[in-house]
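At position 3 of the sequence shown the residue is numbered 125 (my numbering), and the sequence of numbers has no breaks. From the three backbone atoms N, C-alpha and C, an ideal C-beta is built for every residue, glycine too. Read the structure below first, then the notes.
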Amino acid sequence: MSLKIDHKKLIMRIPGTGNFITLDNEKCTLCGRCLIICVMNLWKKSDDRVHLVDDYASHCLECGACYQVCESGAIDFRYPAGGTGIVYAKG
Ligand code: SF4
Ligand code: SF4
């Protein structure tokens, strides 16, 4: 029996969030904590810099974990404007 949860059945997305996560590369120490914590695997490291995938807003769970673990304050996270982003169907 599989215990895997299909999160796509639990949420719907309302488009129009714009950018709600920003990164200040000057502050980033390349510690990699954001890459480890993001369950959606939206942070990447290439050419000695960290970045979000281009379409992160279409996959992000708005959990804020990346913001919480970034000890250098390089990540800024704001919830998307009201009426956009994730709506959880359950919970
Ligand atoms: S957690 Fe912050 S400092 Fe560490 S790699 Fe990610 S953005 Fe850079
Ligand atoms: S808010 Fe959560 S899901 Fe979105 S990029 Fe950060 S860790 Fe990943």
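### Query
In chain order, what residues of the same chain lie with their CB nearer than 8 Å to the CB of Pro-137, ignoring the 5 residues before and after it?
Thr-206
Nearest CA to the CA of Thr-144: which residue from Ile-159, Val-172 and Met-134?
-> Val-172
How long is the line joining the alpha carbons of Ala-203 and Ile-133, rounded to whole angstroms?
17 Å
List the endpoints of the continuous beta strand (DSSP E) containing Lys-155. With the sequence shown as reference, residue 155 is identified as Arg, and Lys is not the correct amino acid for it. Taken as a continuous stretch (DSSP letters only), Arg-155 belongs to no beta strand (DSSP E), being part of the alpha helix (DSSP H) at 155-159.
- Task: List the whole-angstrom C-beta distance separating Cys-156 from Val-191, where the pair is believed to meet the contact cut-off of C-beta under 8 Å.
- Result: 6 Å
(Q) For Tyr-178, count the other beta carbons within 10 Å of its own beta carbon; 16 or more makes it buried, fewer makes it exposed. Which is it? (A) buried
Pairwise C-alpha distance: Val-161 and Tyr-210
17 Å
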